[in-house]
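Trainee:
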Amino acid sequence: MIPFASGLGLILLGGLAAYGLDRRPVLADRVFQWIAVAGCLLALAPALSLLFGGGGGIGGPVDPIPAGPDALFGIDLLSAWFLPIVLGVGATIVAYGVPYLGPERGHRRVGLAHLVLAVLLVALSGVVTARTIVAFLASWEVMAVAAWLLVIFEHEKRDTWDAGMVYLVLTHACTLALIGMFAVWQGGHADWRFAQLARSASIGPVATGLVLTLGLVGFGIKAGAFPFHFWLPGAHAAAPSHVSALLSGIMLKVGIYGLCRMLALLGPPPAWWGWIVLLMGLASSVLGVLWALAQHDLKRLLAYHSVENIGIILMGLGLGALGTAYHQPTIALIGVAGALLHTLNHALFKSLLFLGAGVVVRETGHREIDRLGGLGRRIPRTALAFLVGSIAIVGLPPLNGFVSEWLIFRGLLGAGLASGGLRVAVVAAAGLALTGALALACFSKLFGVVFLGTPRDPSAGHRAPAESAFIAPQSVLAACCIVIGVAPGWIAPPVARIAGLILPQPEGGAALGALGSALPLSALAAVLLLLIGLGWSARQWTLARRPQRSSATWGCAYTRATGRMQYTASSYASPLLAAFGPLSGIQQVRTRASFHTRAIEPILDLLARPLWSRVVAAAVRLRPLQAGAMRWYLLYAILCLLGLLLYLQFAGLP
Amino acid sequence: MTFTPVLGLLAVLLLAPALPGIANRVKSALTGRRGAPMLQLYADLWKSWRKGVVYSPTTTILFRLGPVVLVCTALLAAGLLPLDGTTSPIRFTGDLVAFAGLLALGRFMLVLAALDTGSSFEGMGASREVTFAVFAEPALFLCFTVFVVATGDLRLQGMLGQPLAHAWLATAPSLLLGAASLFIVSLAETNRVPIDDPLTHLELTMVHEVMVLDHSGPDLALILYASALKMALFGSLVVRVFVAGAMVSAPMALGLLLSGLVVYAMAVGVVESVMARLRMNHVPQLLVAASATAGFGLILLLR
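Listed in order, the protein sequences are those of chains A and B.
In terms of this note's numbering, the first sequence opens at residue 1 and continues consecutively.
In terms of this note's numbering, the second sequence opens at residue 655 and continues consecutively.
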């Protein structure tokens, strides 16, 4: 326990130092960077030793704070899986955030932002280690508000403030759903520990259904799953890039953690819940990536990909629930394992991509994809890291995204071989394939347009700091993507163990067997890399003996091509979006002399905002009630009192 | 351990460049022309391989890496197929996902190589390539799903190998629907009529060809070879479905596959002779129809 608590203490201390030393920026940055990163790594130690040490379970905390049965916080295996996501990825984000916010010193409160970031990391760690309802909800709320403060860092911009407000409303809707869930679940019991929730698992089918539904809504909002995702693109795009990485890479995962914790405490859910989660996952993944393709803003595009990946994770979880309900232990385990692994993988590559996007923003000063281009020459190392992240997120071999998507594919295809109603789930494999192909289209567009070719807008000037300040965090994340992709064997045992604990299966041994066959992927990756290496050497050897010439790109005999004549991202995506028609969320804006397209957020702009204005219009009618005269308020108080008395009279005292 | 799997792999790798030649020859014959020699592509490959290269100053290492990755992924994907009807040289549960993943990696790197040139034409081709792939990929997976469910095996070796012979006795309608869908998908994946015309000479109407306009010399040779190999791979998928019905020894099955590939190439040539390519915005409709075809086959299996 000592390392975990003191590690979190160090993170907070670093944040306080950054705040306190605001007058001496160089010292503040150094102190914050070193102390907070050291704190992250220190707090990570017990989780890692639990994950790879064998042993451990879910429920009994290994490291309780305070010690004893009344612990508020503690690490069990499920927490240990999510702590590296929070603190490991968090460490890279802290290291990146310091140089990233450097240019803001002087006109913004950078020290305060670092302090809030430290608080956010501690709160996130609190959420995944909480052992009681109160500790959980308190950490949850601190997390939500701290994240909001970071989202509105550039609060003078109207879009940023607007996005922050949408996020704030949604996060409280989420907390409300969770309070409702705990209220139904706990049923007025005096014991608020999670252990008690596990004991009251047999609360009847109706209450269980209500808990599962409220949990799915609450955690679904936090995870950014369709149809609750609409707060996400705005907030993630508006925040500073390292905060976007933290929100997308880490905070969304807390929603997945919540679902896993709920399942582990509540026991196997009924089949209908599994179908809903699977369908939600399918809708999130396909629509998320389709809407990503429509975006003109670099960071909004990446944010929509989080919706897609959360969808893939939910497909795995839904498959796990279905496999359990239909008594197919192997399929259930593969589904949950795929979901858990994809959670980690997405944290790694999505943070990597957002950090890369941050370098692009610092380099050019804007996020419009159609005005970027040719950055591969100016920031080559960032381009390489971004390429690794792109290949990983598209789910291509030999990187980590392929491993987890392969697991989920295997589970879905395996479902087709099962007997009974589960067989229909096999169709979702085609949906996952569609998602993968759309992601390929989207990231070929993004990487190709931003980093390749020539600059489309040469006026965008060079900004400080230099690229080299951002390389180390990106390299660490890229290396993790590669290692998990090439050698998934070492991470398979803990994943299999935790998957078997979230949804216990009668044949627990099958899990390790099924995941043990993740090893052929290592062989495949090795052969692929070897072949590419050999092919490259053969090519080099041949070309050394051939004449080489340099000549302008072939332009169909037109020799005065400029950067602006290159194919734009909008044109690139246009045939695909046209094929999907109005579903693609693209609006065309035409005037007599101009034409442009605008990517709308379909749920927010077509559903939530109109609904909200209806609510406001209805609320205006209630305005006479708030006349401002004291006698009316006294009357309300008396009426309320009378109502309560009548309630007591007729409902009876407890 | 027999050597037919490796023999099959070598045979397909060597004979792949003949397939486009056969298709073109059939097309010439049916349209009353003499046409190029059947083995023209071998000559083209040899010629390009010996030539020098021209690089645009816009390009980076990705432009040079693209063709290499394209060929390597196609080679490795070939190793996943049970060409002799019994054994794949590389096989594991769920290898069909790796098959699709490897080809997608090749496509991704080729598309990036195209965008690396900064040319509008190549951007246009890349855009079309990924657009068609979006609709071909679910269709391919639905076809795979049909064969997985029909055979109960999650390995290409099983779903296209001997278990399929028994499946033909029990679930022939589904397999026929799956095979028909797979044939359409194969035309899309190998850029043939009615999705793309490999012989077109107008940049604005090209798909695959316009993506590789800037490649020259050995780079171009690699791309040409990879295209032919991809045709052989998808041809093998289609042919394996049909010849699996014949329960014969491994060498016989390999012979059947190779002669089946010739028939496949001729069928591609016939399709190219009797119909024009579709309008670009109608291609997704064809591929969705292919998905629906495979989907019906799947429903027959799941009922």
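Yeah, the Cβ is synthetic: ideal placement off N, Cα and C, and Gly gets one too.
DSSP three-state call for residue 656 of chain A: helix, strand or coil?
Mentor: Nothing about residue 656 of chain A can be reported from this structure: the residues present for chain A run from 1 to 654 only.
Trainee: Determine whether the Cβ of residue 863 of chain B lies closer than 9 Å to any Cβ atom of chain A.
Mentor: no
Trainee: Is the beta carbon of residue 133 of chain A less than 9 Å from the beta carbon of residue 182 of chain A?
Mentor: yes
Trainee: Taking the CB atoms as reference points, tell me whether residue 383 of chain A and residue 356 of chain A lie closer together than 9 Å.
Mentor: yes
Trainee: Using 9 Å as the threshold, is the C-beta distance between residue 77 of chain A and residue 484 of chain A below it?
Mentor: no
Trainee: Just to confirm the assignment, what range does the alpha helix (DSSP H) spanning residue 244 of chain A have?
Mentor: 241-246
Trainee: Would you call the CB atoms of residue 210 of chain A and residue 184 of chain A closer than 9 Å?
Mentor: yes
Trainee: Would you tell me roughly how many angstroms separate the C-alpha atoms of residue 36 of chain A and residue 298 of chain A, rounded to the nearest one?
Mentor: If you draw a straight line from the Cα of residue 36 of chain A to the Cα of residue 298 of chain A, it comes to about 29 Å.
Trainee: Measure the C-alpha to C-alpha separation of residue 270 of chain A and residue 315 of chain A and round it to an integer number of angstroms.
Mentor: 16 Å
Trainee: Of the residues that make up the segment 866-888 of chain B, which ones have a beta carbon closer than 7 Å to any beta carbon in chain A?
Mentor: Those residues of the segment 866-888 of chain B that come within reach of chain A (Cβ to Cβ, closer than 7 Å) are 867, 868, 871 and 872.
Trainee: Output the distance between the C-alpha atoms of residue 927 of chain B and residue 888 of chain B, rounded to the nearest integer angstrom.
Mentor: Linking residue 927 of chain B to residue 888 of chain B through their CA atoms gives a straight-line distance of about 20 Å.
Trainee: Below 9 Å on C-beta distance, what does residue 315 of chain A contact in chain B?
Mentor: In chain order: nothing, as chain B lies at least about 14 Å away.
Trainee: Compute the Euclidean distance between the alpha carbons of residue 466 of chain A and residue 451 of chain A, then round it to the nearest angstrom.
Mentor: Between residue 466 of chain A and residue 451 of chain A, the C-alpha separation is close to 17 Å.
Trainee: On the criterion of 16 or more Cβ atoms from any shown chain inside 10 Å, does residue 107 of chain A qualify as buried, or is it exposed?
Mentor: Flag for residue 107 of chain A reads exposed.
Trainee: Have a look at the DSSP bridge pairing and note the partners of residue 368 of chain A.
Mentor: Beta-bridge pairing links residue 368 of chain A to A/297.
Trainee: Looking only at C-alpha atoms, which of B/891, B/667 and B/738 sits nearest to residue 904 of chain B?
Mentor: B/738
Trainee: Starting from the Cα of residue 109 of chain A, find the closest Cα among A/124, A/412 and A/149 and give me that residue.
Mentor: Measuring from the Cα of residue 109 of chain A, the nearest candidate turns out to be A/149.
Trainee: For the beta strand (DSSP E) that contains residue 381 of chain A, what are its first and last residues?
Mentor: No beta strand (DSSP E) contains residue 381 of chain A, which is instead part of the alpha helix (DSSP H) from 380-394.
Trainee: Is there a Cβ of chain A sitting closer than 9 Å to that of residue 924 of chain B, yes or no?
Mentor: no
Trainee: Run through chain A and tell me which residues come within less than 7 Å of residue 791 of chain B, C-beta to C-beta.
Mentor: 433, 434, 436 and 437
Trainee: Quick one: what does DSSP say residue 599 of chain A is sitting in, helix, strand or coil?
Mentor: strand
Trainee: Could you tell me whether the segment 283-292 of chain A touches the segment 318-331 of chain A, using the rule of 3 or more Cβ pairs below 8 Å?
Mentor: no
Trainee: Could you tell me the boundaries of the alpha helix (DSSP H) in which residue 893 of chain B lies?
Mentor: 871-897
Trainee: Find out if the Cβ-Cβ distance for the pair residue 743 of chain B, residue 814 of chain B is shorter than 9 Å.
Mentor: no
Trainee: If the cut is a Cβ gap below 8 Å, which residues of chain D does residue 938 of chain B touch?
Mentor: The structure shown contains no chain D; the protein chains it does contain are A and B.
Trainee: Find out if the Cβ-Cβ distance for the pair residue 283 of chain A, residue 233 of chain A is shorter than 9 Å.
Mentor: Their beta carbons are not under 9 Å apart, which means residue 283 of chain A does not touch residue 233 of chain A by this criterion.
Trainee: Going by beta carbon distance, what residues of the same chain come within less than 6 Å of residue 262 of chain A, once the five residues before and after it are set aside?
Mentor: Exclusion of the five residues before and after residue 262 of chain A leaves 215 as the residues of its chain whose Cβ lies within less than 6 Å of its Cβ.
Trainee: Ignoring anything shorter than 3 residues, give me the beta strand (DSSP E) runs that lie fully in the segment 475-563 of chain A, in order along the chain.
Mentor: 548-550
Trainee: Does the Cβ of residue 159 of chain A have 16 or more other Cβ atoms within 10 Å, making it buried, or fewer, making it exposed?
Mentor: With fewer than 16 Cβ atoms within 10 Å of its Cβ, residue 159 of chain A is classed as exposed.
Trainee: Identify every run of the alpha helix (DSSP H) within the segment 104-178 of chain A, keeping only runs that are complete inside it and at least 4 residues long; order them along the chain.
Mentor: Entirely contained in the segment 104-178 of chain A, the alpha helix (DSSP H) runs reaching 4 residues are, in chain order, 110-129 and 133-151.
Trainee: Can you tell which of A/79, A/30 and A/18 has its C-alpha closest to the C-alpha of residue 4 of chain A?
Mentor: A/79
Trainee: In the DSSP assignment, what are the bridge partners of residue 590 of chain A?
Mentor: A/595
Trainee: Mind checking whether residue 417 of chain A and residue 423 of chain A have CB atoms under 9 Å apart?
Mentor: yes
Trainee: Check whether chain B comes within 9 Å of residue 574 of chain A, counting only Cβ atoms and requiring the distance to be less than that.
Mentor: yes
Trainee: Give the residues of chain B in contact with residue 291 of chain A, contact being defined as C-beta atoms less than 8 Å apart.
Mentor: By Cβ distance, chain B contributes nothing, its closest Cβ being about 14 Å from residue 291 of chain A, past 8 Å.
Trainee: For a test of the three-state rule: what should DSSP assign to residue 707 of chain B, helix, strand or coil?
Mentor: strand
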